[in-house]
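Heads up: the sequence shown is residues 4 to 83, going by the numbering used here.
A short worksheet on the structure shown next.
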Amino acid sequence: MDEREIFEAVRRNLGTVVYDLDTGSVTQDDSLADLGCNSIDRAEVVTMTMEDMGISVPVMEFQQARDIRSLVALLGRHAR
């Protein structure tokens, strides 16, 4: 998956987890917390996206992800 596809997967999963979110307005500069995700929601979005991609990322690495752009980059590094 390239970064565009990963971003689309994250955005799609955000729409599933955060029911009232307008996913069309989500940008890579947004943080999951700013979009209304609590810690459980964030874990669910990340887990769903990893499952979509068929990858596993150590939990500790997600501390680096401050916004969707850094989350997409992190997931992309593990997809290669």
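All C-beta atoms, glycine included, are put in the ideal place defined by N, C-alpha and C.
Can you give the Cα-Cα distance for residue 78 and residue 24, rounded to whole angstroms?
Against the sequence shown, residue 78 aligns to sequence position 75. Against the sequence shown, residue 24 aligns to sequence position 21. About 22 Å.
Less than 6 Å between C-beta atoms, sequence neighbours within five positions excluded: which residues of the same chain meet that for residue 47?
Your numbering for residue 47 matches position 44 in the sequence shown. If we look at residue 47 and ignore the five residues flanking it on each side, its Cβ neighbours are 20.
Which of the three DSSP states, helix, strand or coil, is assigned to residue 125?
Outside the displayed span of the chain (4 to 83) sits residue 125, for which this structure offers no information.
Below 8 Å on the Cβ atoms is my guess for residue 31 versus residue 5; work out the distance and round it to an integer in Å.
Sequence index remark: in the sequence shown, residue 31 carries index 28 (1-based). Sequence index remark: in the sequence shown, residue 5 carries index 2 (1-based). About 13 Å separates the two Cβ atoms, so there is no contact after all.
Using the C-alpha atoms, what's the distance from residue 34 back to residue 65?
Stepping through the sequence shown from its first residue, residue 65 is reached at position 62. Stepping through the sequence shown from its first residue, residue 34 is reached at position 31. Straight-line Cα distance between these residues: approximately 13 Å.
Hey, how far is the Cα of residue 7 from the Cα of residue 17?
Position 4 of the sequence shown holds residue 7. Position 14 of the sequence shown holds residue 17. Residue 7 and residue 17: Cα-Cα distance of roughly 15 Å.
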